[in-house]
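Heads up: the structure comes next, in structure tokens.
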Amino acid sequence: METVWYCLIAAMIAVYVLLDGFDLGAGIVHLVVAKSDAERRQVLRTIGSVWDGNEVWLLAAGGTLYFAFPALYASGFSGFYLPLMIVLWLLVFRGISIEFRNHVESPVWAPLWDAVFCFSSLLLAVFYGAALGNVVRGVPLDARGYFFEALWTDFRLGPETGILDWYTILVGLAAFFALAQHGALWLLVKTAGAVEERARRVARVVWWGVAALTVLVTWFTFRVQPQVPANLSGHRWGYVFPLLALAGLLAVRWFLERQSAAQNTAQTVAKNEGKAFLASCAYLLGMLASVVFGLYPYVLPARGNPAYALTVHNAKASDYGLRIGLVWWTIGMALVTAYFVFLYRHFAGKVVAGTDREGY
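Each number in my numbering corresponds to the 1-based position in the sequence shown with 461 added.
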């Protein structure tokens with residue numbers, strides 16, 4: 462039962478990354494693809510109806526984590542207290558920047574919140590990646606399952622490693638490039654005109670950074686966390702996940718090149734744009750699934766003494782609670798999925814730049 466919940470929580474986090482990932486990515490490339498006030502409002506309109514709903518997946522995943530693996534929740538949220546506070550404030554500033562932007566007509570007001578939107582999205586992507594890097598690398602857990610780390614020390618892997626070191630920053634940069642690509646492809650699907658063309662150029666350039674960092678992060682992960690190659694060598698079917706990520710990454714490039722190589726009809730271009738975005742989803746899903754598979758049964762590896770690590774077995778709630786919770790989780794997810802399908806179908810289609818200041 463604990464393995465089922467491990468997979469369910471991983472799936473919820475993956476949905477959050479796929480959905481809020483394009484919100485963050487749109488924020489990262491916001492100042493590059495949108496030059497005028499009308500174009501920046503056009504970018505905001507592509508996420509204006511869904512961004513707050515997408516964030517609910519993060520809250521739901523956190524609540525489910527507390528229910529299914531309370532020991533992990535207690536250990537992780539206490540040890541990562543400072544970076545969690547930073548992430549919360551970045552989420553607050555990102556929400557404020559979206560909602561407050563058009564409340565005052567001023568030559569300073571809108572550009573200020575545009576900058577806040579961009580940099581809060583950028584830092585969130587880096588911190589999310591660094592958080593994943595910490596989980597993969599492991600933390601200095603004690604016998605009680607608790608730990609403390611400074612935000613940074615000397616950035617080297619060792620006994621006094623901080624939350625930010627060269628490896629976690631590398632994973633953070635990989636997340637930054639991956640979400641920037643994801644956001645640019647979302648804007649490619651949802652916008653028209655100059656923003657669409659700039660988003661296409663950004664996606665093609667950023668792809669090279671995603672490819673390079675994917676290779677680097679994969680290579681170093683195999684050396685930083687031996688559990689990952691051990692799981693893959695012991696269960697060869699697990700290679701399907703990194704292969705999915707590789708196929709998604711190559712497909713993104715393929716569909717971007719197809720758009721540029723031929724004189725396509727508008728319908729063909731739209732199909733290629735949608736396929737490129739779906740390929741980006743496959744890449745992100747494959748990378749996350751590779752981590753989840755590679756770490757199992759660990760949910761928080763221990764650096765120093767592996768015996769102190771938290772696993773799905775020693776961090777879980779009671780079997781009875783997990784069985785009952787699965788029933789209610791299934792009902793809740795069915796309702797949430799139906800709502801999100803309706804939401805995205807209702808707001809489907811491209812957003813054009815306008816001159817009015819209503820809404821976003």
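Don't be surprised by glycine CBs; every beta carbon is placed ideally from N, CA and C.
Please give the ranges of any alpha helix (DSSP H) in the segment 654–739, keeping only runs that are unbroken, at least 4 residues long and fully inside the region.
Within the segment 654–739, the complete alpha helix (DSSP H) segments at least 4 residues long are 655–685, 688–695 and 701–722, listed from N- to C-terminus.
Contact check, residue 491 vs residue 588 under 8 Å by CB: the rounded distance?
Actually they do not touch by this definition, with Cβ atoms about 18 Å apart.
Backbone CA spacing between residue 840 and residue 775 [nearest angstrom]
A question about residue 840 goes unanswered here, because the residues of the chain that appear run from 462 up to 821.
Express the C-alpha separation of residue 799 and residue 631 in angstroms, rounding to a whole number.
37 Å
Run through the DSSP bridge pairs and tell me what residue 600 is partnered with.
763
Runs of alpha helix (DSSP H) wholly within the segment 747–809 (minimum 4 residues, chain order):
If we require 4 residues or more, the alpha helix (DSSP H) runs fully inside the segment 747–809 come out as 780–807.
Please state if the CB of residue 660 and the CB of residue 649 are separated by a distance shorter than 8 Å.
yes
Run through DSSP, which three-state label would residue 507 get?
Helix, per DSSP.
Just to confirm, is the Cβ distance from residue 607 to residue 556 under 8 Å?
no
For residue 548, does the three-state DSSP call read helix, strand or coil?
helix
Taking the DSSP output, what are the residues bridged to residue 425?
A query on residue 425 cannot be resolved here, the shown segment of the chain reaching from 462 to 821 and no further.
Kindly indicate which three-state DSSP category residue 464 falls into: helix, strand or coil?
helix
Go ahead and label residue 524 buried or exposed: buried means 16 or more other beta carbons lie within 10 angstroms of its beta carbon, across all protein chains shown.
exposed
By a C-beta neighbour count over all protein chains shown, 10 Å radius and 16 as the cutoff for buried, is residue 793 buried or exposed?
exposed
So, residue 712 versus residue 740, is the Cβ gap smaller than 8 Å?
yes
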